[in-house]
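Notes follow the structure.
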Amino acid sequence: MENLLFRANSAIAWSVLGLVLTILVAYPLAQYFSMAVQILAHVGTLLFAVGIKVAYVARLVFLSRLGRPVH
Numbered sequence: 116m117e118n119l120l121f122r123a124n125s126a127i128a129w130s131v132l133g134l135v136l137t138i139l140v141a142y143p144l145a146q147y148f149s150m151a152v153q154i155l156a157h158v159g160t161l162l163f164a165v166g167i168k169v170a171y172v173a174r175l176v177f178l179s180r181l182g183r184p185v186h
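Below is the structure:
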């Protein structure tokens with residue numbers, strides 16, 4: 116379970132990083148990227164947001180199974 120908890124925490128961190136990057140590409144830096152890249156950035160924004168939510172739920176499950184407090 117410790118390994119799975121580590122993976123869930125890592126997934127949250129990578130998803131947050133991906134979300135920030137896709138938001139930057141999709142909005143404030145959009146003029147520097149092609150339309151195809153902007154579309155991918157918008158889709159990526161949705162996918163990374165879902166990734167954060169799924170990883171957070173997984174984290175809560177693993178914490179619960181390890182008997183640690185779930186906040």
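Per the working numbering, the sequence shown starts with residue 116, numbered consecutively. Glycine residues also receive a C-beta, built at the ideal position from the N, C-alpha and C atoms.
Problem set entry | Through-space distance from Val135 to Gly159, alpha-carbon basis | 10 Å
For this session: Compare the C-beta of Val158 against all C-beta atoms of chain B and say whether one is closer than 8 Å.
Result: The structure shown contains no chain B; it holds only a single protein chain.
Problem set entry | For His157, three-class secondary structure by DSSP | helix
For this session: Give a yes or no on whether the C-beta atoms belonging to Phe177 and Leu132 are separated by under 8 Å.
Result: no
Exercise. First and last residue of the alpha helix (DSSP H) that includes Arg122?
Worked result: Start and end: 117 to 141.
Problem set entry | Three-state class that DSSP yields for Leu175 in the structure shown | helix
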